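Trainee: Below is one structure. I have some questions about it.
Number of protein chains: 2
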Amino acid sequence: MVSPFFFVEATPCLRPMNDIDIEGLKGIANQLRIHSIAATTAAGSGHPTSCCSAADLVAALFFGHMRYNPKDPHYYNNDRFILSKGHAAPLLYAAWAETGLFPVEDLLKLRQLDSDLEGHPTPRLPFVDVATGSLGQGLSVGVGMALCGRLDKLDYRTYVLLGDGECAEGSVWEAASLAGIYQLNNLVAVVDVNRLGQSQPTAFEHNLDVYKRRFEAFGWRTEEIDGHDVEEIIEVLAAAGLGSQPLVILAKTLKGAGISFIQDKEGWHGRPLSREEATRAIAELQPSAKSGIGHPIAAPSQLPAPKNDPPASYPPTSYKMGDSVATREAYGNALVRIGESDQRVVAMDGDTKNSTYSEKFYKKFPNRFTECFIAEQNMVGVATGFAARGKVPFVSTFACFFTRAFDQVRVAGISLANIKLTGSHVGASIGEDGPSQMGLEDIAMMRTVAGSTVLYPSDAVCAEKLVEQMAQHKGICFLRTSRPKTTVLYNNDEQFPIGGAKILRQSAGDKVTIVAAGVTLYEALKAADELKGQGVGITVIDAYSVKPLAKELIKGAAAQTQNLVITVEDHYAEGGLGDAVAGELSGEGVRVHKLAVRELPHSGKPEELLAKYGIDARAIVAKVKELNR
Amino acid sequence: MVSPFFFVEATPCLRPMNDIDIEGLKGIANQLRIHSIAATTAAGSGHPTSCCSAADLVAALFFGHMRYNPKDPHYYNNDRFILSKGHAAPLLYAAWAETGLFPVEDLLKLRQLDSDLEGHPTPRLPFVDVATGSLGQGLSVGVGMALCGRLDKLDYRTYVLLGDGECAEGSVWEAASLAGIYQLNNLVAVVDVNRLGQSQPTAFEHNLDVYKRRFEAFGWRTEEIDGHDVEEIIEVLAAAGLGSQPLVILAKTLKGAGISFIQDKEGWHGRPLSREEATRAIAELQPSAKSGIGHPIAAPSQLPAPKNDPPASYPPTSYKMGDSVATREAYGNALVRIGESDQRVVAMDGDTKNSTYSEKFYKKFPNRFTECFIAEQNMVGVATGFAARGKVPFVSTFACFFTRAFDQVRVAGISLANIKLTGSHVGASIGEDGPSQMGLEDIAMMRTVAGSTVLYPSDAVCAEKLVEQMAQHKGICFLRTSRPKTTVLYNNDEQFPIGGAKILRQSAGDKVTIVAAGVTLYEALKAADELKGQGVGITVIDAYSVKPLAKELIKGAAAQTQNLVITVEDHYAEGGLGDAVAGELSGEGVRVHKLAVRELPHSGKPEELLAKYGIDARAIVAKVKELNR
């Protein structure tokens, strides 16, 4: 299987082994231990023993191997470091403080409300690319960064520090598999095998051979080392980037290493030392501790910066009103149209590209498309990695399969990641495939994501314009696309600002305001026509922006229709468009009646299902009449 | 092809290899192919080529190996079969029709609204234990069934048929790992390696060695075969259950096998044959096709039935009003209390048992507890497997980590699975660990699950009573538990019916109704006390049942407070308690104002965070005053 990406020859390690101050690194490792213990004891919470097991690894990486400019954590060709075992945050903070980036005294503000040094790392911190803390996600992000490095013709390497317990997460193996397939030799995973999980020892404890066989089977080169032997760590790191495979360093460590009365003992996960214990522990470590301040750090290469500037504008769409085009296909068209001039745009899909139409982008710009195979968790993580490197990744699969990656999307929210998710095949209107393939909860899911934007176009013009908006807007965006073809309603020069809505039908004396989107918008228009024929007027609003909602516009329309609103959505009744409208407008006295799918759907023809689940024109007409008796 | 319908009498004896009619099985396989083609062509949609690749495997399993009573698909000691590659549904339906369970003519009603033969299998059908269709989930369910078989001392084996593309899903490797760890030699996976995914070939095509090395590294015994050589299939199946490891059969197959002009060709995924193509294909297969009707099927052993009857009642709780107990701890207590007499109760956790307190059950009933390690997707699937076998599984982890398993929970809804999920550490009130560990979207997520019940106790008594309710109620239940200790509010004899709520404060002249649950209930009570001191009365409702909501009770209380309601929740504003109340009551004219977490939270002390995010007593008081100016 040919990788679509440019294959970079490995840059050999710039620093000869005998230049590296092993004793100095050991000293720094102990300084990092001291910081981790002191900070968590001061905070009264945290994971000091998880920090101690990885301290030698982190010291070696940060002060003996990685190539980066500690004064400029954002420099685009710095080696990247991802703390996948995010609960070791104090260790990461300590490492950066010891580079001199901020005062070491700040470390004692760990977990305080007014400090950016939170319980788990977030990108409020300049040296944190992505939030971690939900285990098993960092390697996916690393895969994304490694792929992006190739695309941008940069030679930075990406290092991901994982715990052993978190290797039980399937997402780790999704990432491992893709890294093996694409031969990401610019990716290095380091597994801190300290044998003790949270509530008990891991299944494999210190049996490194289990991990070795697994990673090898997934296409990785493996090295097994004593994770407290700094010389060994440096030695295996020197060979990073050689060969054609990603490298995993399996490091046998002790949880709480360095603290004689705690190391390798059960019952110490997530437990800060008492003041007295901390004093004892620090006393053990102090004599050999050394500051990292002034310790030489290898510099990154100077290479041309990637071109990540957005274009001034995009070329226009060219649909004809009345044409019949599915919004999922319009999505594919949009990707190609904006991808031409917007070099930031990359795309990925989970073996559904022929259904989501991301295949159009794949055919036009194959080196900017990543086939992620049937592994949605990893796909979202990969996108998060690309986004952290300044790209604008468009991720597509069936809307219902994004539920597979909800944790990754949730954490992407915490990461303020600039990813764009497009879920196709929404609602019962997909028809015969049945409920396992229907997106019926995606609006609810995506509304909860911190800082998200949730969009739901009805026609091709709107879909394409929203894709433009998504590319220009900073933050997580989700776009719902439908399987069936729908009629083009709008002119090519129509604008669709995020947070807006369109009033498609409105007359004085209208009885009810219908708020709909997607396929149900057309049902609402049919209902409006039918009711008009019976002398009853209804206002019809296309709520293409579910979050943020066009609250004032809807409220204004409702005010002219007895404050009565009917929402209609091809989605469950919980958490979707109806709840969005009711949740925001109920307090203002608007009465919202929800039409939605209220039972587990069945296979059937699309039109049968819209009728059966009460979201077709007939149901809307009936509801309007019921409310106007 | 029309066959007369009649039942096959099972022969209760072991079947030597030379008793197996290989030619007969080949003929049945082709009959299954014919059915799959005819049904999908009639439906105009479906996946005939995915059925054809697996037809020999399914024929061999159903008619040459598995021990079951086809007249009684629910018999508790039947071998179990899970079609993890759920899109091959027509093949499964055909197999069962050919056992005589229902008329083969029914197969042509595939995907019709009035037929139970849906696009992907659901348990509306008696021979389907769990819904499939979202790939990569079947093996987890199989692991649960295999574990349950051991618990129940039954000798049925569980067979899971997977596609090769779906092995990219990390959940497959979570399941594989656990099966290896627990040495589930009563579990057999069969991988239909037909090399062609949906939109392109899989990464490894027919390279069986890749799969072999992976499964071996995960602790499985492996067999590689020609998936169209029925004799080979039968031969390797004969060794199922031998040794101490689970067995995986890696079968090299051709997508569309049996149809000369389609087999192994790209572009045929999910594509029905045209009428003309179907006629040609069936003509190729007909001469060798044989009916399965009358073909002998191996009988299951007769073993004592597992005891899966619920007890008449549970022993009482013994809390003292005013005690300080976290609801997460009460959960642990409840599991032990009901577990004593309710043999159906089993539990599982993802290495958080010391935090969720499921550890109490683990210590008391270790053989009924499954440590699933840090792999939540698989854990939910395992629970679904146990539930399919009549157990009542209680699954626990942090609420936020259930987002990792949203797809599995969604499909469990489609499966009508009787699983009980308890998510701890909800809300910003967990404090210093920060947002990656906070459950802020779990109510929204769980509300969308088909048929779910969503419960949110505030004190220990309520938590324990709700656990009882969950055990007795049929369907998916989700319980939110909090990290901080809270005061016991209720007597031990208080009842908490699902769908109910408790009015804790109410007086004539109350200005607003506050609806809260969990930690915010206590904030509401504090606010009530403070406002009372200022001469303002508020009604306070404990909405421990979020879904179903105590709609009439809340509506009735609101009617006496100017139809004004304030909801307060330790959850995001989207999709939670507030949206639930607004969504249901807005249409009735109730005005709902939501207090909730409206920004990405930060690490800090619990009380600081409740204040910062506007969900503490002070915020409630301020809101009441604002609404009553």
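Residue numbers (numbering that gives the first Met the number 0), protein chains in the order written: chain S, 0 to 628; chain Z, 0 to 628.
Virtual Cβ for every residue (Gly too), placed ideally from N, Cα, C.
This one's a predicted model, so the numbers in the text were calculated from it and none came from an experiment.
Return the residues of the segment 42-64 of chain S that lie within a Cβ-Cβ distance of less than 7 angstroms from chain Z, sorted by chain order.
Mentor: Residues passing the 7 angstroms Cβ filter: Ala-42 and Ser-44.
Trainee: So which residues on chain Z does His-592(S) lean against when the C-beta distance must stay under 7 angstroms?
Mentor: The answer, in chain order, is Gly-586.
Trainee: Closer than 9 angstroms between beta carbons: that is the criterion. Which residues of the segment 304-334 of chain S meet it against chain Z?
Mentor: Taking 9 angstroms as the Cβ-Cβ cut-off against chain Z, none of the residues of the segment 304-334 of chain S qualify.
Trainee: Within this structure, are the beta carbons of Ser-428(S) and Arg-482(S) separated by less than 8 angstroms?
Mentor: In contact: Ser-428(S) and Arg-482(S) (Cβ atoms closer than 8 angstroms).
Trainee: Just list the residues that DSSP pairs Cys-476(Z) with in beta bridges.
Mentor: Looking at the DSSP assignment, Cys-476(Z) forms a beta bridge with Lys-419(Z) and Thr-452(Z).
Trainee: Below 8 angstroms, how does it come out for the segment 123-134 of chain S and the segment 76-89 of chain S: are there three or more Cβ pairs, yes or no?
Mentor: In short, these stretches touch, since the Cβ pair count reaches three.
Trainee: With Ile-540(Z) as the anchor, note down where its beta strand (DSSP E) starts and where it stops.
Mentor: Ile-540(Z) -> beta strand (DSSP E) spans 537-541.
Trainee: Closer than 8 angstroms is the cut-off here; do at least three beta carbon pairs connect the segment 56-70 of chain S with the segment 153-162 of chain S?
Mentor: Output reads yes: the segment 153-162 of chain S touches the segment 56-70 of chain S.
Trainee: Please confirm whether Thr-39(Z) and Leu-107(Z) have their CB atoms less than 8 angstroms apart.
Mentor: Against a cut-off of 8 angstroms, the Cβ pair of Leu-107(Z) and Thr-39(Z) comes out as no contact.
Trainee: Tell me which residues share the same chain as Ala-87(Z) and place their Cβ nearer than 7 angstroms to its Cβ, disregarding the 5 neighbours each side in the sequence.
Mentor: Excluding positions up to five away in sequence, the list reads His-46, Ser-49, Cys-50 and Ala-53.
Trainee: Using a 10 Å radius around the Cβ and a threshold of 16 neighbouring Cβ atoms, would you call Ala-507(Z) buried or exposed?
Mentor: It counts as exposed.
Trainee: Quick check on Val-514(Z) - is its C-beta less than 8 angstroms from some C-beta in chain S?
Mentor: With 8 angstroms as the cut-off, Val-514(Z) does not count as an interface residue toward chain S.
Trainee: In the structure shown, what three-state DSSP assignment does Phe-5(Z) receive?
Mentor: Bear in mind that a pLDDT of 28 at Phe-5(Z), under 50, signals an unreliable position, so the number given afterwards is only what the model happens to contain. Here Phe-5(Z) sits in coil by DSSP.
Trainee: At a CB distance below 7 angstroms, what residues from the segment 546-560 of chain S approach chain Z? Give them in sequence order.
Mentor: Cβ contacts with chain Z come from no residue of the segment 546-560 of chain S.
Trainee: Pick out the complete beta strand (DSSP E) segments inside the segment 285-336 of chain S, 3 residues or longer, and give them in chain order.
Mentor: If we require 3 residues or more, the beta strand (DSSP E) runs fully inside the segment 285-336 of chain S come out as 323-325.
Trainee: Across which residues does DSSP place Tyr-571(Z) in a beta bridge pair?
Mentor: Tyr-571(Z) pairs with Val-596(Z).
Trainee: Under 8 angstroms, Cβ to Cβ, is there at least one residue of chain Z near Ala-28(S)?
Mentor: Not one chain Z Cβ lies under 8 angstroms of Ala-28(S).
Trainee: Mapping the DSSP letters down to three states, classify Lys-390(Z) as helix, strand or coil.
Mentor: It is coil, neither helix nor strand.
Trainee: What are the boundary residues of the alpha helix (DSSP H) that Phe-360(Z) is part of?
Mentor: Segment 358-363, the alpha helix (DSSP H) holding Phe-360(Z).
Trainee: To which residues does DSSP link Gly-162(Z) through a beta bridge?
Mentor: DSSP, once it has assigned bridges, lists Asp-191(Z) as partnering Gly-162(Z).
Trainee: DSSP puts Val-564(Z) in a beta bridge; with which residues?
Mentor: Note: Val-564(Z) sits in a beta bridge opposite Thr-512(Z) and Val-591(Z).
Trainee: Go ahead and pull the three-state DSSP assignment for Phe-368(Z).
Mentor: Strand, per DSSP.
Trainee: Going by alpha carbons, who is nearest to Glu-522(Z) out of Ala-557(Z), Asn-490(Z) and Asp-569(Z)?
Mentor: That would be Asp-569(Z), whose Cα lies nearest to the Cα of Glu-522(Z).
Trainee: Starting from the Cα of Gly-575(Z), find the closest Cα among Gly-426(Z), Asn-76(Z) and Ala-250(Z) and give me that residue.
Mentor: With distances taken between Cα atoms, Gly-575(Z) lies closest to Gly-426(Z).
Trainee: At a Cβ cut of 8 angstroms, what residues of the segment 117-147 of chain Z count as close to chain S, listed as they run along the chain?
Mentor: Under the 8 angstroms Cβ criterion, the segment 117-147 of chain Z contributes Glu-117, Gly-118, His-119, Thr-121, Ala-130, Thr-131, Gly-132, Ser-133, Leu-134 and Gly-135.
Trainee: On the CB-based measure, 16 or more other CB atoms within 10 Å of its CB, does Asp-163(Z) come out buried or exposed?
Mentor: Buried, since its Cβ has 16 or more Cβ neighbours within 10 Å.
Trainee: Using a Cβ-Cβ distance cut-off of 8 angstroms, determine whether Thr-538(Z) contacts chain C.
Mentor: Among the protein chains in the structure shown, which are S and Z, there is no chain C.
Trainee: Nearest by alpha-carbon distance to Arg-409(Z): which of Asp-432(Z), Gln-505(Z) and Thr-383(Z) is it?
Mentor: Per the Cα distances, Thr-383(Z).
Trainee: Is the Cβ-Cβ distance between Thr-519(S) and Thr-560(S) less than 8 angstroms?
Mentor: In this structure, Thr-560(S) does not lie closer than 8 angstroms to Thr-519(S) by Cβ.
Trainee: Quick one: does Glu-436(S) have its CB under 8 angstroms from some CB of chain Z?
Mentor: Per the sequence shown, residue 436(S) should be read as Gln rather than Glu. Judged by the 8 angstroms Cβ criterion, Gln-436(S) is in contact with chain Z.
Trainee: Distance, Cα to Cα, His-386(S) vs Ala-449(S)?
Mentor: Correcting the residue type first, residue 386(S) is Ala in the shown sequence and not His. For Ala-386(S) and Ala-449(S), the distance between alpha carbons rounds to 16 angstroms.
Trainee: So which residues on chain Z does Ala-202(S) lean against when the C-beta distance must stay under 7 angstroms?
Mentor: Those within 7 angstroms of Ala-202(S) in chain Z are Ile-180 and Phe-372.
Trainee: Mapping the DSSP letters down to three states, classify Ser-133(Z) as helix, strand or coil.
Mentor: Residue state, collapsed to three classes: coil.
Trainee: Mark Gln-285(S) as exposed unless 16 or more other C-beta atoms lie within 10 angstroms of its C-beta, in which case mark it buried.
Mentor: By the 10 Å Cβ count, Gln-285(S) comes out exposed.
Trainee: Going by C-alpha to C-alpha distance, which of Arg-388(Z), His-227(Z) and Ala-238(Z) sits closest to Ile-258(Z)?
Mentor: When only C-alpha atoms are compared, the closest one is His-227(Z).
Trainee: Taking 6 angstroms as the limit between beta carbons, can you name the residues of its chain near Asp-615(Z), skipping five residues before and five after?
Mentor: Closer than 6 angstroms at Cβ, skipping near neighbours: Glu-522 and Leu-609.
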